[in-house]
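Those letters in the sequence shown? Residues -21 to -1, 1 to 277, by mature numbering (1 follows the signal peptide of the UniProt record, and there is no 0).
Beta carbons: idealized from backbone N, C-alpha and C, even for Gly.
Here the structure is laid out as structure tokens; the discussion comes afterwards.
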Amino acid sequence: MIKKISVALFILCLLSCQSKATKAEISQLKQEAKNQKILIDSLQNFNQGLIGFQDYFKNERENYYLDKDKLLFLLEGTSWFSLNNKKLLRYFFDDFNLKEYDVFRGIENSSVLYPSSDDVLDIFNSESSFVIHMVSKIDRSPAALEKLCTPELKEMTYSLLKENDLYKASGAYAGVKALLLSYEDVENDKEFLATIHKIATNATNDYEEGNKAFKNAISAKTSDEIRAVLSDENYTTYYENTRSNQDSRLIEVYCFWARRHKEGNMEFTYTFLKELHENVANEFVTTDAYSSIDGPNS
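Next comes the structure, spelled out in structure tokens:
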């Protein structure tokens, strides 16, 4: 009898263990099924999102194709791709608006050098947007600039600057002369140029602080001769409210060389400006002695 009872208890224990194991397995399977459902729902939502994007681009695809009429200007004989016309160079001069602003203020307001976001985003929006894009892609290395600045291009530049005494009237004469005079003092001073570039990079955050930092940094470099060249007396062509001031011109001169140093083309730029000044103003400028052949054209 005892033996039968023992066998019965053993069977009950065995069934009980199997029942617990089965329940645990069922619970695990339910959890796995739940996880699978979550994953499937997530994938379905993702696929639905992709379908939505597909429909959107299908409906709006016209916006992602170029209108051929927008490209016709590239095929004209006077397009930006033509190397035998003054169009690109003339565009620069027109963009600076030197009839209304001196050369420093004109460069500051330039849509080519400082374009709006629309011109940057849509290069085929207009002819001007395209030329802005082209200029932004110019290789600034000395070797590339040497190829770009052909004798023909230089002669075009000289000719345009001589028209209506533009070189002197716009203040370009004084600006270039100041750049030439300042070059020797800064060409090998990498620390100074790096400081100026850093100030310029951060100047947009706080104009007053940036202006103060500029003045402190350039004070030791600025000679009386450079100050005299950039004085308001050489910018009387323009009304006071449309021209730059002496302090801003001084800052621009040293910022100019800081940018050229960053681009690695200081020496090339100096040589280019020196040739330009000699050809347009008929004047030689040195840092230790000043001499003039005939004086500036006037």
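- Taking the C-beta atoms as reference points, V165 is found no nearer than 7 Å to H256.
- For L158 against F251, the beta-carbon gap comes to about 11 Å, at or over 8 Å, which does not count as contact.
- In the displayed model, E79 falls within coil according to three-state DSSP, outside both helix and strand.
- For V264, the enclosing beta strand (DSSP E) has its first and last residue at 262 to 264.
- The beta carbon of E79 is closer than 7 Å to those of T221 in its chain, skipping five residues each way along the sequence.
- A260 has its alpha-carbon roughly 24 Å from the corresponding atom of I230.
- For the set G85, A122, D168, the Cα lying nearest the Cα of A151 is the one of G85.
- K200 sits in coil when the DSSP states are folded into three classes, being neither helix nor strand.
- In the displayed model, L158 falls within a helix according to three-state DSSP.
- In this structure, the CA atom of Y233 is about 12 Å from the CA atom of D168.
- Cβ atoms of N244 and L124 come within 8 Å of each other, at about 6 Å.
- Relative to the Cα of K147, the nearest Cα in the group A192, K133, E212, T248 belongs to E212.
- Closest option to L67, judged by alpha-carbon separation, among E87, S202, E106, F193: E106.
- For S227, the secondary structure class from DSSP, reduced to helix, strand or coil, is helix.
- Between R239 and L209, the gap from beta carbon to beta carbon reaches 7 Å or more.
- The C-beta distance from Y162 to Y249 rounds to 5 Å, short enough to fall under 8 Å.
- Of the residues assessed, Y217 falls on the buried side of the cut-off, its CB having 16 or more other CB atoms within 10 angstroms.
- The same chain holds no residue with a CB closer than 6 Å to that of E187 once the five nearest residues on each side in sequence are set aside.
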